[in-house]
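I have placed the structure first, in the form of structure tokens, so that the comments after it can refer back to it.
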Amino acid sequence: SFSPLAFLLALLVTVPVHAAGNLLNTYYDFRNGVDGDKSSDLTLVKGKLSPDAVFAAAISAIVVSAIAMVPALRFWPLARAVLVALFLCGVA
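In the working numbering, the protein residues as written are 1481 to 1572.
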């Protein structure tokens, strides 16, 4: 049966870690010179955000995801492998 709490916790684990992956990609592409004037992501190239701000946002998103995973793992032990895999895949 559908559990709104399980759904919310799953979102709080997966969405921030996905966002962190995107932010880290942006950060490292810029840092390594991959992003330029013709890149699809110009956030750092055009100075809309600083590299430090993007990196801090990525780390913050990972922390939010990790915190949300604690109750999810506690209340749904069968979902442990799935949630841990989603978290680790998002971080990698």
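C-beta: ideal position from N, C-alpha, C; glycine also.
Can you give me the Cβ contacts of residue i inside the same chain, cut-off strictly under 7 Å, excluding the 5 residues immediately before and after it?
{"i": "Arg1560", "result": "Leu1553"}
{"i": "Ser1519", "result": "Val1525"}
{"i": "Leu1489", "result": "Ala1548, Pro1551, Ala1552"}
{"i": "Asp1515", "result": "Asp1509, Asp1521, Leu1524, Val1525"}
Buried or exposed, going by whether 16 or more other CB atoms sit within 10 Å of the CB of residue i?
{"i": "Phe1510", "result": "buried"}
{"i": "Val1534", "result": "buried"}
{"i": "Pro1484", "result": "exposed"}
{"i": "Ser1545", "result": "buried"}
{"i": "Val1573", "result": "With the chain running from 1481 to 1572 in the structure shown, residue 1573 is simply not present."}
{"i": "Ala1565", "result": "exposed"}
Under a three-way DSSP split, which group does residue i fall into?
{"i": "Val1525", "result": "coil"}
{"i": "Gly1501", "result": "helix"}
{"i": "Ser1545", "result": "helix"}
{"i": "Val1514", "result": "coil"}
Discussion item. Quick test of the definition: if touching needs 3 or more C-beta pairs under 8 Å, does the stretch 1525-1542 touch the stretch 1499-1507?
Written reply: yes
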